[in-house]
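Contents: one structure, followed by commentary.
Numbering (this note's numbering), first residue to last: 161 to 842.
Here is the structure:
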């Protein structure tokens with residue numbers, strides 16, 4: 161079969177019967193091609209259109225090109241063609257074609273295996289390449305290793321289900337025996353305390369060890385851990401698994417200390433294995449009982465109690481989920497090739513396991529890790545699977561059926577989707593439990609590591625707020641009264657919470673704004689927040705001191721600027737942009753004019769509070785001036801349309817004119833004067 165690719169200099173390359181040829185000369189009716197190897201003089205001739213072999217190739221004095229090189233060359237050629245013909249970005253084309261090649265060629269791992277007599281070695285020169293005087297690992301290697309592991313696992317299940325497969329197809333028997341032999345020899349090669357010597361990691365100083373070498377070793381560790389864990393009941397010991405985990409952890413820590421970019425550890429661990437990992441850790445937490453005796457191994461108790469094992473499992477799960485979030489559900493690599501419905505159901509199963517565990521009163525470190533995983537699952541579901549959120553909640557709540565500890569039975573739920581409201585209520589209870597633990601730890605700060613646990617509580621509270629925001633994002637699942645209840649809870653939490661953590665403050669205020677916007681206009685809420693921020697800042701006028709009874713305790717001296725920059729200004733910009741679009745594209749009716757004037761008035765009064773703050777960040781000042789300019793432009797256009805259409809002057813418009821004139825004129829003048837002084841000093 162004739163296949164054409166191109167060289168690094170974009171010269172045509174012919175691939176034929178395991179050899180590569182370059183064009184030597186053109187004639188009237190034929191084209192002569194010569195073997196690409198310099199010492200080989202073999203040639204062949206094709207017709208002038210390069211579609212038919214005119215003369216078969218002469219004898220070769222070189223070895224043929226490895227099939228893996230042809231696969232790579234074909235993939236590169238597809239990338240080049242798409243880059244020329246499509247508008248898709250180069251990184252995206254590269255990712256798509258790389259995934260396509262890996263999925264289409266899962267057995268390429270055998271190409272790295274070189275049997276020498278009775279011994280077996282791995283050709284690491286095929287896995288590591290030298291570029292710019294540095295050794296780099298070929299990324300697909302570990303993925304392909306993992307593919308082989310998975311194929312063996314599936315083949316083992318297949319043989320158990322159909323023992324006659326050897327009799328029916330002898331090729332299957334031969335392949336499985338060879339594949340098993342290769343993998344077992346790989347395990348012997350790498351399942352050793354000194355295996356890092358094979359790739360040159362151990363014994364080298366940090367400045368001579370590339371991140372790719374570390375990554376290659378970590379990937380191999382992950383493959384061995386999964387392989388051993390999935391076979392643990394029959395063949396593998398706990399000590400063997402813990403040894404591989406210890407190797408992976410040491411390499412991971414070494415990369416951290418060397419300030420190298422850490423690999424996405426969990427990308428090679430299959431979802432099937434991750435699910436079993438989580439079950440092994442959380443089963444006793446969920447049911448307060450031992451694991452199923454049919455699958456139970458005495459050694460697994462030792463594994464579950466090991467802190468390095470729990471840390472490794474949680475890190476793998478988080479890395480796996482983040483890999484999907486960053487690459488999308490279509491383009492991340494997974495040896496199980498889970499896509500769409502299968503991936504959705506697996507994520508729902510993982511969420512159900514995690515949810516059942518987090519509703520129990522478990523230690524705060526584990527609670528924080530579980531909540532972080534739930535947040536990542538929610539991000540994937542909300543961004544990629546339309547309508548799957550209700551299914552995920554329903555599955556979690558059904559699994560929790562009969563456990564009333566985390567649900568308030570006195571709450572009245574709607575008939576639209578009671579499970580969603582119950583789910584959110586359970587996380588309110590989780591928030592209260594974590595908050596109580598945090599308050600208790602603060603009282604004993606500095607004793608028995610309580611400070612670290614308190615930080616864990618803060619992170620856990622952030623994750624709870626994020627989960628509530630994601631779960632209550634779609635308005636069709638809960639009716640307005642229930643949104644009102646959740647908004648009141650969020651408001652009460654912000655009023656009473658005296659946290660000084662920036663991330664938690666942002667998460668709670670953002671949740672409050674999202675919930676308030678579901679039930680009514682949230683512009684008045686923005687004005688209250690702006691007043692609290694003004695109360696925490698010095699006034700632009702040195703002779704004036706703003707006395708204000710704060711609405712929300714969470715907006716304090718440590719958090720007010722973060723909330724101003726990340727929430728208030730962002731929401732104001734969104735509101736002003738919508739007003740600008742309305743005034744430019746719509747003809748307002750009588751009722752719409754009333755609403756438009758109200759929104760404009762709220763925006764102006766909110767700015768009135770912000771303009772009186774003595775701000776020091778230059779970019780914040782620039783953004784505020786830009787938004788204020790756009791706001792007055794909208795007001796000018798609105799006034800022009802009112803005059804042009806001869807619209808009767810109404811009370812709302814008179815109030816708007818008063819706010820933008822007499823009430824806002826002095827703050828604007830003071831803020832601009834202060835800004836000029838700041839810029840002059842700088």
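Just so it is clear, CB atoms sit at the ideal spot from N, CA and C, and this is done for glycine as well. Please read all numbers here as calculations on a predicted model, not as lab measurements.
Below 7 Å between beta carbons: does that hold for residue i and residue j?
i, j, result
"residue 620", "residue 668", "no"
"residue 203", "residue 194", "yes"
"residue 824", "residue 766", "no"
"residue 773", "residue 662", "no"
"residue 163", "residue 225", "no"
"residue 441", "residue 473", "yes"
"residue 614", "residue 602", "yes"
"residue 539", "residue 485", "yes"
"residue 627", "residue 535", "yes"
"residue 404", "residue 380", "no"
"residue 437", "residue 506", "no"
"residue 556", "residue 515", "yes"
"residue 654", "residue 714", "yes"
"residue 690", "residue 769", "yes"
"residue 819", "residue 761", "yes"
"residue 242", "residue 253", "yes"
"residue 647", "residue 679", "yes"
"residue 257", "residue 238", "yes"
"residue 400", "residue 414", "no"
In the DSSP assignment, what residue or residues form a beta bridge with residue i?
i, result
"residue 166", "172"
"residue 773", "699"
"residue 215", "205"
Nearest to residue i by alpha carbon, out of the options?
i, options, result
"residue 594", "231, 584, 622, 187", "622"
"residue 525", "195, 598, 504, 208", "598"
"residue 793", "466, 781, 739, 527", "739"
"residue 742", "726, 759, 728", "759"
"residue 831", "782, 503, 801, 680", "782"
"residue 671", "175, 173, 604, 727", "727"
"residue 222", "191, 229, 178", "178"
"residue 582", "596, 600, 631, 592", "631"
"residue 197", "183, 190, 210, 188", "183"
"residue 588", "652, 550, 716, 834", "652"
"residue 805", "753, 815, 639, 240", "753"
"residue 802", "600, 833, 817", "817"
"residue 711", "596, 692, 242, 729", "692"
"residue 229", "166, 220, 249, 215", "166"
"residue 723", "699, 688, 709, 476", "688"
"residue 785", "814, 732, 720, 815", "732"
"residue 779", "520, 553, 721", "721"
"residue 410", "433, 378, 439, 532", "378"
"residue 468", "502, 407, 600, 644", "407"
"residue 187", "747, 478, 585, 214", "214"
"residue 402", "471, 233, 418", "471"
"residue 560", "600, 509, 533", "509"
"residue 201", "719, 220, 212, 191", "220"
"residue 729", "776, 787, 775, 716", "787"
"residue 216", "776, 191, 700", "191"
If you follow the alpha helix (DSSP H) that residue i is part of, which residue opens it and which one closes it?
i, result
"residue 488", "No alpha helix (DSSP H) holds residue 488; DSSP gives it neither H nor E."
"residue 658", "Looking at the DSSP string, residue 658 is not in any alpha helix (DSSP H), and its letter there is neither H nor E."
"residue 410", "398–417"
"residue 757", "750–770"
"residue 795", "778–804"
"residue 713", "No alpha helix (DSSP H) contains residue 713, which DSSP labels as neither H nor E."
"residue 555", "548–559"
"residue 220", "Looking at the DSSP string, residue 220 is not in any alpha helix (DSSP H), and its letter there is neither H nor E."
"residue 536", "524–544"
"residue 740", "729–745"
"residue 501", "500–518"
"residue 722", "720–723"
Quick check: is the beta carbon of residue i nearer than 7 Å to any beta carbon in chain B?
i, result
"residue 500", "Here there is only one protein chain, and chain B is not present."
Minimum length 3: unbroken beta strand (DSSP E) runs contained in the stretch 169–213
172–176, 179–186, 190–195, 203–207
Within the stretch 667–711, note down every full alpha helix (DSSP H) run reaching 4 residues or more, in order along the chain.
683–696
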